[in-house]
């Protein structure tokens, strides 16, 4: 019984090792290659306050050492925001919203003329509406920030997967 379990585990390990599985977030040569490629990416300015939040998050993830002196890639991001009412109370007033941020992005070559990779990301964050206008503004601002962080993480993840190939 013990021998059969050992053989099963050993055979699974050999199968996984042989299929080309490589961890994306591990500290291996592949990760160094992806990090070096991302470090040479210039994130173009994104329109609006949400764009500023997404760009700052992307800059922190893509090039934490600062802007590249000679970028190999350019990242263009277009954002769209949607606020949708979710719940209504007895007076037919909306008291809960979903704030959705949609992002379409393209990774361009250094000249900005050829698209190497394109993708999209989105994030949904909810917030409640209460009687205080200040609390409502703060809740919406917080939802916008949370959604911007998730969108930038998703873009970073998708770019990392693309550059690891």
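In our numbering, the protein residues as written are 3 to 167.
Glycine is no exception: its CB is placed at the ideal position from the N, C-alpha and C atoms.
Values in this document were obtained by computation on a predicted structure and should not be read as measured data.
Where residue i sits in the DSSP three-state scheme
| i | result |
| --- | --- |
| residue 82 | strand |
| residue 160 | helix |
| residue 1 | Residue 1 lies beyond the residue range present for the chain, which begins at 3 and ends at 167; the question has no answer from this structure. |
| residue 69 | coil |
| residue 7 | helix |
| residue 57 | helix |
| residue 149 | helix |
| residue 166 | coil |
Identity of the residues DSSP links to residue i by a beta bridge
| i | result |
| --- | --- |
| residue 106 | 80, 122 |
| residue 89 | 98 |
| residue 43 | 75 |
Same chain, Cβ closer than 6 angstroms to residue i, five either side skipped, listed in chain order
| i | result |
| --- | --- |
| residue 1 | The question about residue 1 has no answer, for the chain in this structure spans 3 to 167. |
| residue 157 | 107, 123 |
| residue 59 | 151, 154 |
| residue 145 | 101, 127, 129 |
| residue 104 | 82, 124 |
Residues of its chain near residue i, where Cβ-Cβ distance is below 8 angstroms and the 5 sequence neighbours each way are ignored
| i | result |
| --- | --- |
| residue 96 | 87, 88, 89, 90, 131 |
| residue 64 | 40, 41, 43, 45, 77, 158, 161 |
| residue 36 | 26, 162, 165, 166 |
Close-in-space but distant-in-sequence residues of the same chain around residue i (CB under 7 angstroms, 5 per side omitted)
| i | result |
| --- | --- |
| residue 46 | 76, 77, 78 |
| residue 161 | 40, 109 |
| residue 147 | 55 |
Legend entry - Contained beta strand (DSSP E) runs [length at least 3] in the region 108-146, N- to C-terminal order: Every unbroken stretch of the beta strand (DSSP E) spanning 3 or more residues and falling wholly within the region 108-146 is given here in chain order: 117-130.
Legend entry - Inter-stretch contact at 8 angstroms, needing at least 3 Cβ pairs: the region 88-105 / the region 128-142: Contact annotation: the region 88-105 touches the region 128-142, with at least three C-beta pairs closer than 8 angstroms.
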